[in-house]
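Visitor:
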Amino acid sequence: MTGATRVNPSLCRAYRMTRYTVDGITVRIGRRSAGIDRLLRVYNHREGAFVTAYNPFSRRMPPGWNRRMQTNLVNVLAGRAILPATGCWRRWCESHVVVFGSFRRTLVLARRYRQHGIVIVRLRQPARLVYTSLIN
């Protein structure tokens with residue numbers, strides 16, 4: 329694998345420490361959220377995923393570039409149930425969207441937008457990080 333696709337241990341830790349927020353509900357990897365369970369029920373889905381187009385392969389990009397790519401991602405998701413979201417840890421914060429429904433299509437988009445992974449939320453289960461490749 330190239331350096332661009334490797335996820336080092338410190339980056340893995342950062343993903344796990346990040347607080348993912350949607351509709352006032354905070355999600356942490358490895359923890360279950362009653363708020364997410366309610367949100368999934370409202371949208372009549374058993375699962376969903378947080379995804380972003382910001383900073384491909386965790387390489388910082390200019391703010392305008394990130395906003396354009398995120399807008400492009402949202403446009404690609406037209407017709408699907410989505411909500412705006414964020415992922416923040418320390419001083420790092422990125423816009424995300426939560427895409428309701430099967431995470432498999434969202435995983436394909438994450439690969440297209442060169443993301444290392446997505447955060448899966450499922451009804452009555454802890455949130456989990458799913459990498460876009462089998463490197464971990």
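Numbering (this note's numbering), first residue to last: 329 to 464.
Beta carbons are placed, not taken as given, at the ideal position from N, Cα and C, and that holds for glycine.
Okay, do the region 406 to 425 and the region 356 to 363 touch, 3+ Cβ pairs below 8 angstroms being the bar?
Guide: With the cut-off at 8 angstroms, the region 406 to 425 and the region 356 to 363 do not touch.
Visitor: Among the residues of its own chain, which have a CB less than 7 angstroms from the CB of Ser386, if the five just before and after it don't count?
Guide: One-based indexing of the sequence shown puts residue 386 at position 58. The answer, listed in chain order, is Leu339 and His444.
Visitor: Output the distance between the C-alpha atoms of Pro390 and Asn383, rounded to the nearest integer angstrom.
Guide: The count along the sequence shown starts at 1 and reaches residue 390 at position 62. The count along the sequence shown starts at 1 and reaches residue 383 at position 55. If you take the alpha carbons of Pro390 and Asn383, they lie about 9 angstroms apart.
Visitor: Going residue by residue through the region 336 to 398, where are the continuous alpha helix (DSSP H) segments of at least 4 residues, counting only ones entirely within it?
Guide: Segments of the alpha helix (DSSP H) lying fully in the region 336 to 398: 337 to 345 and 362 to 370.
Visitor: Roughly how many angstroms separate the alpha carbons of Phe431 and Ala409, rounded to a whole number?
Guide: Start at 1 with the first residue of the sequence shown, and residue 431 comes out as number 103. Start at 1 with the first residue of the sequence shown, and residue 409 comes out as number 81. C-alpha separation (whole angstroms): 12 angstroms.
Visitor: Does the beta-carbon of Glu399 have 16 or more other beta-carbons within 10 angstroms, so that it is buried, or is it exposed?
Guide: For the purposes of this step, residue 399 is taken as residue 71 along the sequence shown, with counting starting at 1. Per the sequence shown, residue 399 should be read as Thr rather than Glu. It counts as exposed.
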